[in-house]
Amino acid sequence: MDIHNRTSFILCVIGGGLLIASAASGTIGILDEIVDGFSQLFGPHFVMTFAIVMGILGVLTLFGGIGVIIAGFVLTTSKIELGRNIILISVAMGVLGLAMSLVQLIIAGNPMMEPSSQIAQIPGWVGAILSVEARIIAEQK
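Numbering (our numbering), first residue to last: 9 to 149.
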């Protein structure tokens, strides 16, 4: 069986899976790190709002990963340009979620991320890079 854009498809599945994994683990690691400081500074209501925002960012990264996997399937059809655009939008969503969690660390006054949080974020960034690479090497039919 010969699949058109097989390499791009495989990279999209791996990259999307990594983005999904990062969405689950990255939000939890960062949330634990800065909730105590926020609770002392702003009170429990702000902490609840912050937890909701972090959850939304995690879901954004999750949807980015799912979108990249869907785009991988689209790349195997004749609609290559549509697949490339889906990758572009999905990776932007995933990277936005990852980057905003870093921005929130800096806003909290904690620019140094714990090693466990760094390890939780790495799969997301690698997944985004693999997805962009899949977009670059996708060939027109």
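The beta carbon of each residue, even a glycine, is placed where N, CA and C say it ideally should be.
Straight-line Cα distance separating residue j from residue i
{"i": "residue 104", "j": "residue 90", "result": "21 Å"}
{"i": "residue 29", "j": "residue 68", "result": "12 Å"}
{"i": "residue 56", "j": "residue 15", "result": "43 Å"}
{"i": "residue 114", "j": "residue 107", "result": "11 Å"}
{"i": "residue 112", "j": "residue 127", "result": "17 Å"}
{"i": "residue 123", "j": "residue 132", "result": "15 Å"}
{"i": "residue 18", "j": "residue 48", "result": "46 Å"}
{"i": "residue 142", "j": "residue 86", "result": "16 Å"}
{"i": "residue 75", "j": "residue 88", "result": "15 Å"}
{"i": "residue 147", "j": "residue 77", "result": "17 Å"}
{"i": "residue 120", "j": "residue 59", "result": "20 Å"}
{"i": "residue 52", "j": "residue 136", "result": "34 Å"}
Assigned secondary structure, residue i (DSSP; H/G/I helix, E/B strand, else coil)
{"i": "residue 11", "result": "coil"}
{"i": "residue 134", "result": "helix"}
{"i": "residue 120", "result": "coil"}
{"i": "residue 59", "result": "helix"}
{"i": "residue 69", "result": "helix"}
{"i": "residue 75", "result": "helix"}
{"i": "residue 141", "result": "helix"}
{"i": "residue 86", "result": "coil"}
Sequence-distant residues of the same chain with beta carbon closer than 7 Å to residue i, five excluded per side
{"i": "residue 82", "result": "90, 91, 94"}
{"i": "residue 134", "result": "26"}
{"i": "residue 70", "result": "28, 31"}
{"i": "residue 79", "result": "20, 91, 94, 95, 98"}
{"i": "residue 140", "result": "99"}
{"i": "residue 145", "result": "15, 16"}
Close beta carbons around residue i, own chain, < 6 Å, minus the five adjacent residues each side
{"i": "residue 72", "result": "27, 98, 101, 102"}
{"i": "residue 22", "result": "138"}
{"i": "residue 24", "result": "73, 76, 77"}
Sequence-distant residues of the same chain with beta carbon closer than 8 Å to residue i, five excluded per side
{"i": "residue 9", "result": "Note that residue 9 scores 42 on pLDDT, short of 50, meaning its location in the model is unreliable; the coordinates nonetheless yield the value given after this. Result list for residue 9: empty, nothing under 8 Å."}
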